[in-house]
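For reference, the structure discussed in these notes is given below.
Chains as they are written, first to last, in our numbering: chain A, 332 to 444; chain B, 5 to 116.
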């Protein structure tokens with residue numbers, strides 16, 4: 332099956348700085364890569380996703396890049412704010428779709444005011 | 005819309021006891037999922053239901069059973085709970101299996 336690795340496990344940034352979280356995957360057939368944000372005591376919530384037919388996607392302060400050749404994808408958050416503090420998970424799914432969604436181990440992001 | 009709801013929020017069981025975790029969604033989604041979340045291991049898929057009337061095993065199905073009662077409801081049953089099943093359980097749903105999954109608030113289960 333798919334193996335998704337996520338780094339770093341913890342990340343602290345000053346408010347206004349950028350944050351970057353990186354993930355690698357093993358299955359070259361994977362074609363859907365979502366990013367989820369999980370706040371304390373809540374379920375994960377999708378913040379952005381990308382499919383394998385594009386290399387980059389942006390939504391306001393959040394962007395995701397995908398390098399299919401190297402099998403890695405990254406989440407970029409610019410102008411970080413205290414409310415961005417949470418645990419972020421990357422995931423990858425195989426050719427059969429989101430039934431086979433495999434998650435990374437998470438990154439705890441802390442934005443210091 | 006309430007989205008995805010789960011009951012109970014917290015549960016403590018003794019080894020060998022059984023229980024059912026309930027999940028319901030009001031978004032008319034076809035696909036539903038059960039995950040467990042353990043520290044340092046992310047979320048792992050236990051079972052899923054691609055559509056009403058079908059269920060399939062995920063990555064970690066041992067010790068669990070599921071029932072897709074109707075389009076709205078997807079339950080997870082532990083027949084004989086073990087300490088290794090101590091975890092936070094999340095239910096999710098999606099319009100179909102190729103799109104965003106919406107997660108419930110989770111059930112924190114402790115097995116003593």
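Cβ coordinates follow ideal geometry from the N, Cα and C atoms, glycine included.
With a contact defined as Cβ atoms closer than 8 Å, residue 67(B) and residue 374(A) miss out at about 22 Å. Here the alpha carbons of residue 376(A) and residue 36(B) stand approximately 15 Å from one another.
Counting along the chain, no beta strand (DSSP E) covers residue 436(A), and no H or E run does either.
In this structure, residue 394(A) places its C-beta atom within 9 Å of the C-beta atom of residue 406(A).
Of the residues 11(B), 42(B), 33(B), the one whose Cα lies closest to the Cα of residue 5(B) is 33(B). Residue 86(B) sits exposed, since fewer than 16 C-beta atoms from the chains shown fall within 10 Å of its C-beta.
Between residue 361(A) and residue 423(A) a beta carbon distance of about 4 Å is seen, short of the 8 Å cut, so the two are scored as contacting.
Between residue 55(B) and the set 102(B), 115(B), 110(B), 13(B), the nearest pair of CA atoms involves 102(B). For residue 373(A), the neighbours in chain B by C-beta distance under 8 Å run, in chain order, 109, 110.
Beta-bridge pairing by DSSP links residue 68(B) to no other residue.
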